[in-house]
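Using the UniProt record's numbering, the letters of the sequence shown map in sequence onto residues 1 to 343.
Here is the structure we will look at, set down as structure tokens.
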Amino acid sequence: MRSSKDFFRPLAVGAPQPVTEIPARPSRAIHFFDPSNEKMAAKVPQMVGSVDVLLGNLEDAVKADNKEAARAGLVRIAKETAELGGQSGPTQLWTRINALDSPWVLDDLTTLVTEIGDKLDVIMVPKVQGAEDIHYVDRLLAQLEARAGLERPILVHAILETARGVANIEEICGASPRMQGLSLGPADLAADRRMKTTRVGGGHPGYLVRSDPDPDQPDAHRTTYQQDLWHYTIARMVDACAMHGIYPYYGPFGDIADVVACEDQFRNAFLLGCVGTWSLHPKQIEIANRVFAPSADDIRHARRVVAAMGDGTGAVMLDGKMEDDASLKQCLVMVELAEQLAA
Ligand code: GLV
Ligand code: MG
Numbered sequence: 001m002r003s004s005k006d007f008f009r010p011l012a013v014g015a016p017q018p019v020t021e022i023p024a025r026p027s028r029a030i031h032f033f034d035p036s037n038e039k040m041a042a043k044v045p046q047m048v049g050s051v052d053v054l055l056g057n058l059e060d061a062v063k064a065d066n067k068e069a070a071r072a073g074l075v076r077i078a079k080e081t082a083e084l085g086g087q088s089g090p091t092q093l094w095t096r097i098n099a100l101d102s103p104w105v106l107d108d109l110t111t112l113v114t115e116i117g118d119k120l121d122v123i124m125v126p127k128v129q130g131a132e133d134i135h136y137v138d139r140l141l142a143q144l145e146a147r148a149g150l151e152r153p154i155l156v157h158a159i160l161e162t163a164r165g166v167a168n169i170e171e172i173c174g175a176s177p178r179m180q181g182l183s184l185g186p187a188d189l190a191a192d193r194r195m196k197t198t199r200v201g202g203g204h205p206g207y208l209v210r211s212d213p214d215p216d217q218p219d220a221h222r223t224t225y226q227q228d229l230w231h232y233t234i235a236r237m238v239d240a241c242a243m244h245g246i247y248p249y250y251g252p253f254g255d256i257a258d259v260v261a262c263e264d265q266f267r268n269a270f271l272l273g274c275v276g277t278w279s280l281h282p283k284q285i286e287i288a289n290r291v292f293a294p295s296a297d298d299i300r301h302a303r304r305v306v307a308a309m310g311d312g313t314g315a316v317m318l319d320g321k322m323e324d325d326a327s328l329k330q331c332l333v334m335v336e337l338a339e340q341l342a343a
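The structure is reproduced here in structure tokens:
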């Protein structure tokens, strides 16, 4: 099977290249669990194989009094669940550590790398402000990995949830070869920016545009179009990640009951270039697995274009639409994703 690399070989001159080829493992849903919550933790082993990523959360949503219990719970679950995490397991194991200015983070990193470093795939770092935060984690991880004799580097994922982090987005993405991706942190980011929404992700009924007035119709007939509060930030994330060869993700969608709006948000993120999202409830896993994969129609169409384009140059007409070298590359994105998910 040809890949986009066969058609698109960028000149190495001046173009920023990813330092490390980050393994493109499926990560459509990153399902959060609180390892200090025994009921929730007990379900983790049964979820292995049915979700791409299980993430033991140590930061926000875990009570201050439970921080040690959460850390210890994550160590225990990782050790007891043979198939979870590591290079070849069906479900990756990630964690979200406490913030770098918190009293817990040093023990989070020291304990987790020492005890379960061979199983941990990715460490999510919250409230990243700039490259210096990633440099600190990177250096500490290198020391801890060397001491523990680990051969596989643990990757790092930054949550974008401060205005300063957004301003420094490119340098954060390129701060270390360990950088795996970025997630949107809409709740913290909204607070930091002093946005006037109290929702965790998603749209807002007040954020809209309205069609022009019609002199023959009362104002009540004017159509309103709700806009996406997060479009700007997600678009910036997608560009910064693509530039550095790492992966962008939507973050939390807090209204668990509103599965329709959740699916819309996830789909917008997928269409813009995100590879996955957080899941806060098992029903969001099903939505994410469906949405962050090309549809059967998209794959069929993409394969037809690849076949019709022969050597990959020139233009052809298919169903009255023009296809050329550039639309072939778009189709290869779909085909490669479909193959990765089917593997
Ligand atoms: C996630 O951590 C958020 O702040 O939205
Ligand atoms: Mg947050």
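Even for Gly, the Cβ is constructed at its ideal location relative to N, Cα and C.
Just so it is clear, the structure is predicted and the values come from calculations on it, not from any experiment.
{"Check": "Short check: CB of Thr114 to CB of Leu160, under 8 angstroms?", "Outcome": "no"}
{"Check": "Leaving out the 5 sequence neighbours to the left and right, which residues in its chain are closer than 6 angstroms to Phe292 when beta-carbon positions are compared?", "Outcome": "Arg28, Phe270 and Gly276"}
{"Check": "Can you list the alpha helix (DSSP H) stretches of 4 or more residues lying completely in the region 251-336, in chain order?", "Outcome": "259-272, 282-291 and 296-308"}
{"Check": "Tyr136 to Arg222, Cα distance in whole Å?", "Outcome": "53 angstroms"}
{"Check": "Go to Gln46, then tell me how far its alpha helix (DSSP H) extends in each direction, as first and last residue.", "Outcome": "Glu38 to Met47"}
{"Check": "If you run the structure through DSSP and keep just helix, strand and coil, what is Tyr136?", "Outcome": "helix"}
{"Check": "So the beta strand (DSSP E) Thr224 belongs to, where does it begin and stop?", "Outcome": "Thr224 to Gln226"}
{"Check": "Per DSSP, what are the beta-bridge partners of Ser183 in this structure?", "Outcome": "Ile159 and Tyr249"}
{"Check": "In whole angstroms, give me the CA-to-CA distance for Met179 and Val260.", "Outcome": "32 angstroms"}
{"Check": "So, for Lys67: in the same chain, excluding its five sequence neighbours on each side, which residues have a beta-carbon less than 6 angstroms away from its beta-carbon?", "Outcome": "Trp104"}
{"Check": "Note the first and the last residue of the continuous beta strand (DSSP E) segment covering His204.", "Outcome": "Element bounds for His204: n/a, residue is neither H nor E."}
{"Check": "Given this structure, state the Cα-to-Cα distance separating Gly314 from Arg300, to the nearest angstrom.", "Outcome": "21 angstroms"}
{"Check": "Kindly list the residues whose CB is nearer than 6 angstroms to the CB of Ile256, restricted to its own chain and excluding five residues on each side of it in sequence; keep chain order.", "Outcome": "His281"}
{"Check": "Out of Asp219, Pro218, Gly56 and Pro26, which has the shortest C-alpha to C-alpha gap to Phe33?", "Outcome": "Gly56"}
{"Check": "Compare the beta carbon distance of Pro248 and Gly185 with 8 angstroms and say whether it is the shorter of the two.", "Outcome": "no"}
{"Check": "My understanding is that Lys39 touches Leu84, with C-beta atoms under 8 angstroms, so please give their C-beta distance in whole angstroms.", "Outcome": "Going by Cβ atoms, the distance from Lys39 to Leu84 rounds to 18 angstroms, so no, they are not a contact pair."}
{"Check": "Mind listing which residues have their beta carbon within less than 5 angstroms of any non-hydrogen atom of the ligand MG? Chain order is fine.", "Outcome": "Glu161, Gly185 and Asp188"}
{"Check": "Leaving out five residues on either side along the sequence, give the residues of the same chain with a beta carbon under 8 angstroms from the beta carbon of Gln227.", "Outcome": "Gly203, Tyr207, Leu208 and Val209"}
{"Check": "Going by the CB atoms, is the gap between Pro26 and Gly73 shorter than 8 angstroms?", "Outcome": "no"}
{"Check": "In terms of residues, what are the limits of the beta strand (DSSP E) holding Met124?", "Outcome": "Val122 to Val125"}
{"Check": "Under DSSP, the beta strand (DSSP E) around Gly56 begins and ends at which residues?", "Outcome": "Val53 to Asn57"}
{"Check": "Write down the C-beta distance between Ala307 and Gly273 rounded to the nearest angstrom, noting that I regard them as a contact closer than 8 angstroms.", "Outcome": "The pair is not a contact, with the Cβ atoms about 25 angstroms apart (cut-off 8 angstroms)."}
{"Check": "Ordered along the chain, which non-local residues of its own chain (more than five positions away) have a Cβ less than 6 angstroms from that of Thr197?", "Outcome": "Ala190 and His204"}
{"Check": "Whole angstroms is fine: what's the gap from Ala12's alpha carbon to Val44's?", "Outcome": "With a pLDDT of 41 at Ala12, under the threshold of 50, the predicted position of this residue should be treated as unreliable, though the coordinate-derived value follows. Cα to Cα, the separation comes out at about 44 angstroms."}
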